[in-house]
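Residue numbers (the working numbering): 13 to 194.
Note that the Cβ used here is the ideal one computed from N, Cα and C, for glycine as well.
Okay, structure first, notes after.
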Ligand code: NI
């Protein structure tokens with residue numbers, strides 16, 4: 013079946029080494045690319061995430077999907093995304109669908125210019141700020157095999173892990189559950 017190739021996509025979980033691979037640029041803007049993007053949006057919405065990168069579902073190509081809208085009705089698809097002129101610095105509270113339960117604050121650029129192609133291969137350029145800027149940076153990191161916890165010192169990461177283990181034991185909700193997951 014031609015279109016069954018993306019039926020069983022699953023989100024890879026840290027420490028899966030496949031999350032560390034460098035994704036290659038998209039060269040064919042064909043029907044498979046659109047099918048994959050649609051499937052990724054579906055998985056993202058089902059998982060209550062605001063973004064998903066292709067390597068998270070074991071597809072090592074430079075494709076990301078994002079929806080930061082309150083009503084979850086503004087799907088964005090960026091192919092071969094590139095950041096230009098990063099500026100400013102902002103505290104970003106993040107989680108990741110591939111790193112369950114860890115939530116922490118890291119530094120991101122406040123504003124970026126994003127160069128990308130759409131599903132037809134048309135080139136675009138957009139100035140982004142706020143959550144969209146942060147989310148794009150997080151997803152592009154995935155394309156380069158990088159995870160948000162790489163920005164966190166080991167000591168702090170161990171503390172976070174302990175806290176999660178303790179919360180599980182006491183059946184308390186994990187801290188930071190309101191943080192949106194990318
Ligand atoms: Ni992520």
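Apart from the five residues on each side of it in sequence, which residues of its chain come closer than 8 Å, Cβ to Cβ, to residue 36?
72, 73, 74
Going by other Cβ atoms of all chains shown within 10 Å of its Cβ, with 16 needed for buried, is residue 136 buried or exposed?
Exposed.
If distances are taken between C-alpha atoms only, which option among 46, 66, 106, 52 comes closest to residue 154?
66
Nearest-angstrom Cα separation, counted from residue 63 out to residue 188
Reliability fails at residue 188, whose pLDDT of 43 lies under 50, so the model's placement of it is uncertain and the value that follows must be treated cautiously. Each residue's Cα considered, the two are about 18 Å apart.
Report buried or exposed for residue 20, applying the criterion of at least 16 other Cβ atoms within 10 angstroms of its Cβ.
Burial call: exposed.
Once DSSP output is grouped into helix, strand and coil, what is the label at residue 151?
helix
Would DSSP call residue 128 helix, strand or coil?
strand
Could you give the uninterrupted runs of the beta strand (DSSP E) lying entirely in the segment 31-71, keeping only those of 3 residues or more?
Unbroken beta strand (DSSP E) stretches of 3 residues or longer found wholly inside the segment 31-71: 63-65, given in chain order.
Beta-bridge partners of residue 164, as assigned by DSSP:
The partner list for residue 164 (beta bridge, DSSP) is empty, contrary to what the question assumes.
Best match in 174, 121, 58 for proximity to residue 152 [C-alpha to C-alpha]
121
Specify whether the segment 78-98 and the segment 126-140 touch according to this definition: at least 3 beta carbon pairs, one from each stretch, less than 8 Å apart.
yes
Is the segment 95-106 touching the segment 46-58, taking contact as three or more C-beta pairs under 8 Å?
Touching, no.
Three-state class that DSSP yields for residue 14 in the structure shown:
The predicted position of residue 14 is uncertain, since its pLDDT is 47 and thus under 50; no value can be drawn from it.
From residue 161 to residue 142, what does the alpha carbon distance come to, in whole angstroms?
20 Å
Reducing DSSP to helix, strand and coil, say where residue 110 ends up.
coil
Residue 79 to residue 171, Cα distance in whole Å?
C-alpha separation (whole angstroms): 31 Å.
For residue 41, I'd like the list of residues in its chain whose CB is within less than 7 Å of its CB, leaving aside the five on either flank, ordered along the chain.
131, 132, 133
Does residue 148 pass the burial test, meaning 16 or more other C-beta atoms within 10 Å, or should it be called exposed?
buried
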